[in-house]
Each structure stands twice: as structure tokens, then as C-alpha cells.
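Undergrad: Those letters in the sequence shown? Residues 18 to 674, per this note's numbering, in order. Yeah, the Cβ is synthetic: ideal placement off N, Cα and C, and Gly gets one too. Quick one: the structure is below, questions incoming.
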Amino acid sequence: MSHTSDSSAFTFGTIVRKVRAELARLQFPLESEELVSSVFGKISGAPADLWMTMLNNALEQSEVVIKTPDGRWALPEWNLSGADVVEIEFAVVDIETTGLSAHRDAILEIGVMIVRGGEQIDSFQTYVRPERKIPEFITQFTGITHEMTQHAPSIAEALPAAQKFIGIRPVVGHNVSFDLGFLTYAAELNHWYFPAEGLDTIAMARRFAPDCRRYKLEILARFLGVTVHQQHRAMGDVATTAGVFFTLLELARAEGIHTLDELTAELNMNISFGRLQPGAARPTGKLYLNPAWRQHFPESPGVYIMRNEIGEIIYIGKAKNLKNRLQSYYSHPLGYTRKMDGLLQNVKSIETVILGSELEALLTESRLIKEHQPRYNVQLRNYEEYPFIKIDVTADFPRVYATKQISADGGKYFGPFNSRRAVDATIDVIQKLFAIRTCTRSLPPRAKPSDACLRFHMGRCPAPCRGNISPAEYRPVIQDVIEFLANSRNDMMDALRQKMWDAAEADDFEKAAALRDIIQNVDRVLLGQKLITGAVEANNLCIVYPSAQASHVELFLVRHGRLIEQRAVFADEQSVRQTLNELLMRAEWLAPRPAKIGKAEVDQISIISRWIHQHSDEFGRRFFTLPDDLTDEAALETFRAALIAEICAINPTDAQL
């Protein structure tokens with residue numbers, strides 16, 4: 018999406034980072050004119066030559082890009098193509114931090130060692146002032162104290178020095194994603210650049226030293242016969258890592274792996290070291306794809322299926338416009354990513370399937386990939402285990418807990434959530450807002466009354482374990498929880514929003530951000546909950562929200578969590594009524610609900626809920642439950658009238674999605 022640029026928003030580091038990302042993505046050199054739009058977006062508010070000057074000044078001062086003889090910009094590491102690893106200078110990196118989260122914790126020390134052919138060339142070490150208290154256990158673990166860091170440079174000062182020292186050298190580390198995660202996150206916050214890719218000695222050990230049962234640095238070093246230097250300090254761990262790295266390189270060379278390209282390919286790493294010589298032209302898909310196919314690609318939403326010479330399906334994709342998507346492959350650079358290397362070279366036929374909408378294409382793509390398991394579809398091949406919240410309303414004293422097993426057992430299911438962390442966060446909010454049971458102990462009258470836990474004394478549980486509350490007295494609070502998750506209690510959501518603003522006004526921004534995330538997550542959950550209820554409780558649903566097409570609404574028919582049809586309908590009574598009648602006729606002949614809601618249903622529910630969440634807002638969408646008896650004309654007419662009235666209230670002509 019294009020955007021208007023503000024020259025004050027672009028620093029040296031921002032420009033360099035964007036240029037590197039674009040060159041790494043395309044894998045061939047670009048001219049300054051080609052880079053300006055990708056770096057600055059839609060150019061306005063300043064003369065065009067100003068943007069060009071800013072770009073060239075930043076790149077000419079940087080060591081992480083170079084200019085080719087014909088004046089284009091390229092990545093210097095492309096010159097490493099074909100070089101023997103013993104001739105390359107590597108930068109071995111290690112950091113010490115106040116914790117494990119790049120977002121919450123701080124860097125305390127940075128260590129870098131330049132090595133080549135098993136020898137140390139140079140080293141760099143600096144403490145970093147964390148701008149916060151160092152936890153006592155971190156001091157005990159690393160030996161780094163407040164006194165050692167209080168006069169050290171800030172991270173904004175240390176990062177440029179470390180990056181300049183590393184230069185264009187490939188980065189190496191033990192569990193390198195941890196170190197680079199902290200360094201790149203800090204670089205973004207400080208408008209700087211830091212390499213985001215590196216060679217991991219853990220990945221190398223798994224490939225070249227598989228007999229080592231554990232890959233902790235000191236254990237791996239002793240297994241390989243490498244000296245272990247001072248542990249949990251940057252330069253000590255750097256020295257140990259360097260020794261491990263060169264030992265593993267020798268094992269790789271013994272197997273005939275000599276170049277950096279060969280090494281990264283063997284490790285199946287998508288790293289752009291040595292992918293292309295600067296100035297070289299990159300071949301595209303038109304070398305292998307039949308030009309005659311382009312005449313028959315339809316301009317419709319759907320899926321496309323690529324097959325090899327023996328008819329095996331090797332790739333399945335979806336598109337809003339099949340013609341535009343498939344034609345893009347003809348100009349697609351070969352070797353775009355390692356996981357796709359060889360795809361276009363092996364395509365011998367392309368089959369298209371026209372579908373009614375982009376969402377239907379998305380659902381069909383997911384189903385076909387899981388069915389055929391194409392070799393080049395790395396994602397979507399397996400069903401995800403989406404977590405849900407379950408309330409077992411058939412129990413005397415229901416609990417609220419997480420589950421991945423969905424069945425028609427009378428329980429209430431809410432979800433799907435995109436992670437277990439989101440489930441736990443939502444349950445935590447519920448347990449703070451409502452006085453509900455959380456324990457699994459046996460309760461009276463089956464068991465003897467017992468002493469209440471701390472939650473009772475905090476007013477967060479009525480303690481049915483004491484035998485002083487009946488199921489009938491407990492039921493209203495569970496009903497409140499259900500209504501909260503079903504979004505039929507706006508007062509509760511309003512209370513959460515008020516708490517968020519109160520926290521922000523009190524400068525408790527961490528709490529305010531946590532409440533904001535919970536509120537946003539609840540909206541996503543409610544969509545899935547509506548669909549999973551339809552799946553489990555045998556309700557058919559119509560979902561309506563304003564369309565991006567002027568004067569239209571998007572109308573969905575969902576049955577047992579599966580999309581039956583999606584249509585963009587002109588928002589007048591006659592058009593809506595006619596479309597409803599057609600959909601209702603389809604619904605009347607649909608198969609009965611499945612006995613168990615399996616992975617296929619849950620997968621479709623998640624895709625549909627994400628789609629609707631992304632394409633509408635909580636105030637614009639409407640849900641309608643179809644009558645159980647689709648032959649009851651009076652009930653159907655009541656349903657039609659309610660839906661048409663709501664569509665008029667949406668006012669799609671003025672909707673801006």
C-alpha cells in the first residue's frame with residue numbers, strides 16, 4: 018500500500034534497512050530510481066530530487082551496500098559466491114541481557130570476534146547501559162553489575178559501533194536468532210540497521226555432529242574437544258563459539274561442503290549470502306513457462322494447480338484474479354527463495370479452478386493443500402491445533418478452561434484463538450472479572466467439604482468446595498461469563514475499555530497495552546465463537562457487513578462452521594430478499610451436522626473468522642441465526658424482515674472499510 022512520506026521520518030538506519038530488505042527480497046541489483054518508491058513510499062510533500070539525494074547520501078556512507086560498475090546498488094555479500102569458507106572473514110557475535118524478551122529486557126554486553134581460517138583477526142567488546150535495574154539473578158548468572166554498566170554507552174551508541182565493526186561479514190552465533198532478535202529489535206527502536214541473518218552453530222551441530230545429544234554451548238564444545246572459555250560473558254562465549262564453529266566447518270568440508278552457498282543450502286537456510294554476483298542479470302519464469310498458457314488464464318477468483326511432467330501436483334495457490342497472479346510468474350525471478358527453488362523449472366501444466374470469491378479460494382486452497390501435500394507448499398500442509406475456551410455447562414459448578422478437543426457434548430466453546438497465550442490471557446481476565454471456580458478438586462456432596470483456597474478470601478471464587486453454595490446459586494455467574502464471551506454484555510466490554518484508559522492516564526502503559534490487546538483479541542474470538550456455536554449446536558448463520566463495493570453488502574451463509582456461499586449483494590430490499598431466498602433453498606438441502614467437529618471444520622472456522630475480522634469492524638458486522646425449521650414460512654419471513662432492517666441500518670453506501 019502506498020503512503021505519503023515525511024522526510025523527517027527517515028534516518029540513515031531506516032533507509033539502509035529498507036534498501037537491504039528490498040535487495041535481499043529481489044536478489045538482484047537495483048538503480049536508485051527503482052529503490053526510491055520502495056524506501057519512501059508515495060512521494061509527496063518534497064521535491065523528488067530531495068528523496069533521491071537522501072537515498073544516495075545514506076547508501077554512499079554505508080558499508081552494507083555497494084555500487085556496481087554500472088551504477089546499481091547491490092549487497093556486498095553476493096561477492097562471497099563460490100568463496101571457500103576458510104577464506105571468508107566471519108563475525109562471531111554474543112550478547113548478555115537482563116532477560117529473555119527483546120521487547121521487555123535490555124542488552125548488557127556485546128561481544129564480537131572477527132575470525133578467518135581458524136584464526137582470530139580482531140575483537141570488539143562493550144558494556145551497554147540498560148537504563149533499568151539489573152535483576153539480582155542476572156548479576157549472579159553473568160557477573161555483570163550495575164557499577165560495570167552505569168557509565169557504559171547506551172544501546173543507541175553501542176549499536177552503530179558494533180555494526181561498523183562487523184561490516185559486511187557474515188554473522189555467526191550459538192542460537193544466533195536470540196542475539197540477533199535483541200540487536201535488530203534495538204536497531205529498529207533507534208532507527209539503525211543491524212544484520213538480521215546469521216549462521217547458527219546449533220543448526221550446524223545438528224547436521225554435522227548428530228551424535229551430540231545436547232547442544233548447549235559448553236556441552237557441545239566439550240563433545241567437539243573445544244576449549245570452554247568464561248561462560249555467560251560475551252567475549253568468553255564468543256571465543257567458545259568460534260572454536261565450535263571452525264570445528265564444525267572442518268566436519269562440513271570433510272563431506273565435500275566448501276563454499277558458503279553449499280553450507281547454507283545443506284542447512285536449508287534462506288540466507289542471501291552469495292546468491293548472485295552484483296551486476297548479473299537474473300533469469301525469470303518466462304524461460305520455463307509456456308507463453309501460450311497466458312491466453313487462457315481467467316480473470317476470476319479461484320485456485321491454480323501446478324503439475325510436473327508426470328502429472329504430480331507440486332504447488333497449489335489462490336488468487337483474487339487468476340490471470341494477474343499467474344502472469345506474474347513469467348516475470349518472477351528464479352531463486353526468489355530457497356524453499357521455492359526449482360518450482361517454475363518443474364512446472365509442465367497449470368490448471369485453474371474458478372470460484373465465487375477470494376474467501377472461497379482461500380478455503381479451497383487450504384483444503385487442497387492438506388489433501389495433496391504438494392512439495393512446494395511449505396505452509397498450510399497440516400491442520401493447526403487451534404485452542405478454544407470451553408465452559409462445561411452440563412456440570413453443577415462449571416469451570417472455564419482451555420481445550421483443543423471440540424465435540425457436541427453440550428459444552429460452550431469460544432474461539433478459535435491464534436495461540437495458547439491468547440487463551441490464557443483471556444481466561445486470566447475472566448478469572449479476575451468473575452468469581453468462578455478454577456480448581457479440579459471433588460466437590461460436595463460427592464466429597465466432604467474442605468477449606469477454601471486463597472481465591473475465596475480474595476472474593477474471586479464462591480468456594481463450592483465448602484458446600485455452602487448450590488448449583489442454582491452458582492449458575493448466574495457462569496451465565497455472565499458466557500454473555501461476556503458472546504459479546505451480549507456491552508457493559509463489561511465498556512468497563513474493560515474504561516480500565517484501559519484509566520491505566521493510560523495513570524501512566525501505567527504496560528497495563529493499558531495488555532488491556533488493549535485483550536479487547537482486540539476478544540473481537541477475534543467472538544467471530545470464531547459465533548461460527549463454532551453454529552457448528553456444535555447445529556445453527557445455520559448468515560453474516561452481513563458492508564462491502565468494499567459501493568452500495569453493496571457482503572452476505573455469508575455458514576453451515577456447521579463451513580462456508581456455503583459468499584455474495585456481494587446490492588443493498589435494496591428486493592435484491593437482498595431474492596438472494597436470501599436462493600441461499601435458504603440451498604440451506605434446506607444441506608447435509609446434517611457432523612457428529613464431531615474435526616480438524617477440517619475447525620480449520621475452516623479459523624480461516625473464515627480471520628477473514629471477516631480483517632475485512633469488517635465489530636460495529637459494522639451483523640450475525641443472524643436461521644430458523645431451525647426452514648419450511649416454517651412465518652419464521653422465515655420474520656428472519657428476512659429482521660435481516661433487511663439491519664442491512665438498512667448498516668448504511669453500506671457510506672461505509673468505508
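Which residues in the same chain as THR670 place their Cβ atom closer than 6 Å to its Cβ, once the five residues preceding and following it in sequence are excluded?
TA: Counting from 1 along the sequence shown, the entry for residue 670 is found at position 653. Note that THR670 scores 42 on pLDDT, short of 50, meaning its location in the model is unreliable; the coordinates nonetheless yield the value given after this. So the list reads SER568, once near-sequence residues are dropped.
Undergrad: Quick one: is MET602 buried, meaning 16 or more other Cβ sit within 10 Å of its Cβ, or exposed?
TA: The residue labelled residue 602 in the question sits at position 585 within the sequence shown. Exposed.
Undergrad: Spatial neighbours of ALA213 within its chain, please: C-beta separation below 7 Å, excluding the five flanking residues on both sides.
TA: On the sequence shown, residue 213 is found 196 positions in, with the first residue counted as 1. Here the set comprises LEU197 and THR201.
Undergrad: Can you confirm whether the stretch 182-194 touches the stretch 146-157 when touching is taken to mean that 3 or more C-beta pairs between the two stretches lie within less than 8 Å?
TA: Segments in contact, no.
Undergrad: Taking the alpha carbon of GLY302 as the point to measure from, which residue in GLN362, ASP122 and VAL410 has its own alpha carbon closest?
TA: Numbered from 1 along the sequence shown, position 285 holds the residue referred to as residue 302. Cα-wise, what sits closest to GLY302 is GLN362.
Undergrad: Sorted by chain position, which residues of the same chain lie with C-beta nearer than 6 Å to LEU216's C-beta, five sequence neighbours on each side aside?
TA: Residue mapping note: residue 216 aligns to position 199 of the sequence shown, counting from 1. Within the same chain, LEU216 has close Cβ partners VAL189.
Undergrad: Pick helix, strand or coil for TRP90, following the three-state DSSP scheme.
TA: Taking the first residue of the sequence shown as 1, we reach residue 90 at position 73. If DSSP states are grouped into helix, strand and coil, TRP90 belongs with the strands.
Undergrad: Could you tell me the distance, in whole angstroms, from the CA atom of ILE679 to the CA atom of ARG250?
TA: Residue coverage of the chain in this structure runs from 18 to 674, which leaves residue 679 outside it and unanswerable.
Undergrad: Within the same chain, show all residues whose beta-carbon is closer than 6 Å to that of ARG639, passing over the 5 residues directly before and after it, in chain order.
TA: As a position in the sequence shown, residue 639 is number 622, starting the count at 1. Only VAL561 and GLU663 meet the Cβ criterion.
Undergrad: Express the C-alpha separation of GLY116 and ILE408 in angstroms, rounding to a whole number.
TA: Residue 408 sits at position 391 when you count from the first residue of the sequence shown. Residue 116 sits at position 99 when you count from the first residue of the sequence shown. Whole-angstrom Cα-Cα distance: 36 Å.
Undergrad: Measuring straight from C-alpha to C-alpha, what distance separates THR281 and HIS275?
TA: Indexing the sequence shown from 1 puts residue 281 at position 264. Indexing the sequence shown from 1 puts residue 275 at position 258. So the two alpha carbons sit approximately 11 Å from each other.
Undergrad: Classify TRP209: buried if its beta carbon has 16 or more other beta carbons within 10 angstroms, exposed otherwise.
TA: One-based indexing of the sequence shown puts residue 209 at position 192. When all chains shown are included, TRP209 counts as buried.
Undergrad: Under three-state DSSP, which class holds ASP139?
TA: Looking up residue 139 in the sequence shown gives position 122. Of the three classes helix, strand and coil, the one that applies to ASP139 here is strand, per DSSP.
Undergrad: Assuming VAL320 and GLU279 make a contact with CB atoms under 8 Å, what is their CB distance in whole Å?
TA: Here residue 320 refers to the residue found at position 303 when the sequence shown is read from its first residue. Here residue 279 refers to the residue found at position 262 when the sequence shown is read from its first residue. At roughly 36 Å, the Cβ-Cβ gap does not stay under 8 Å, so VAL320 and GLU279 are not in contact.
Undergrad: Report yes or no: do the stretch 370-388 and the stretch 417-430 share at least 3 C-beta pairs separated by less than 8 Å?
TA: They do not touch, by the three-pair rule.
Undergrad: Starting from VAL193, trace the beta strand (DSSP E) in both directions and tell me its first and last residue.
TA: Counting from 1 along the sequence shown, the entry for residue 193 is found at position 176. From DSSP, VAL193 is part of no beta strand (DSSP E) but of the alpha helix (DSSP H) over 193-206.
Undergrad: DSSP on ALA123, reduced to helix/strand/coil?
TA: Taking the sequence shown and counting its residues from 1, the one referred to as residue 123 is at position 106. Coil.
Undergrad: Since PHE641 and LEU558 are thought to touch, with beta carbons under 8 Å apart, how far apart are those beta carbons, to the nearest angstrom?
TA: For the purposes of this step, residue 641 is taken as residue 624 along the sequence shown, with counting starting at 1. For the purposes of this step, residue 558 is taken as residue 541 along the sequence shown, with counting starting at 1. Their Cβ separation, rounded to whole angstroms, is 7 Å, which keeps PHE641 and LEU558 in contact under 8 Å.
Undergrad: Between LEU13 and PRO481, which are expected to be in contact by the criterion C-beta below 8 Å, what is the C-beta distance as a whole number of angstroms?
TA: Residue 13 cannot be examined here, being either before or after the span of the chain that is shown, 18 to 674.
Undergrad: Entirely within the stretch 220-262 and at least 3 residues each: give me those beta strand (DSSP E) ranges in chain order.
TA: As far as the stretch 220-262 is concerned, it has no whole beta strand (DSSP E) run of at least 3 residues.
Undergrad: Taking all protein chains shown into account, do 16 or more other C-beta atoms lie within 10 angstroms of the C-beta of TRP90, making it buried, or fewer, making it exposed?
TA: In the sequence shown, residue 90 corresponds to position 73, counting from 1. By the neighbour-count rule (16 or more Cβ atoms within 10 Å), TRP90 is buried.
Undergrad: Count the other CB atoms within 10 Å of the CB of MET475; is the residue buried (16 or more) or exposed (fewer)?
TA: Here residue 475 refers to the residue found at position 458 of the sequence shown. That one is exposed.
Undergrad: Which residues bound the beta strand (DSSP E) around ARG579?
TA: In the sequence shown, the residue the question calls residue 579 occupies position 562. Element bounds for ARG579: 579-587.
Undergrad: Taking the straight line between their C-alpha atoms, what separation do you get for GLY334 and ALA585?
TA: For the purposes of this step, residue 334 is taken as the residue at position 317 of the sequence shown. For the purposes of this step, residue 585 is taken as the residue at position 568 of the sequence shown. Cα-Cα distance, rounded: 23 Å.
Undergrad: Kindly list the residues whose CB is nearer than 8 Å to the CB of ILE207, restricted to its own chain and excluding five residues on each side of it in sequence; keep chain order.
TA: Position 190 of the sequence shown holds residue 207. In the sequence under discussion, the amino acid at residue 207 is Asn, which differs from the Ile named in the question. GLY30, ILE172, ALA173 and LEU176.
Undergrad: Identify every residue that forms a DSSP beta bridge with ASP111.
TA: By one-based count along the sequence shown, residue 111 stands at place 94. Paired residue(s): GLY128.
Undergrad: On the DSSP letters alone, give me the boundaries of the alpha helix (DSSP H) that GLU375 sits inside.
TA: Numbered from 1 along the sequence shown, position 358 holds the residue referred to as residue 375. Unbroken alpha helix (DSSP H) run through GLU375: 375-389.
Undergrad: Excluding sequence positions up to five away, which residues of its chain have a Cβ less than 7 Å from the Cβ of ASN192?
TA: Counted from its first residue, the sequence shown places residue 192 at position 175. Answer for ASN192: ASP217 and ILE219, listed in chain order.
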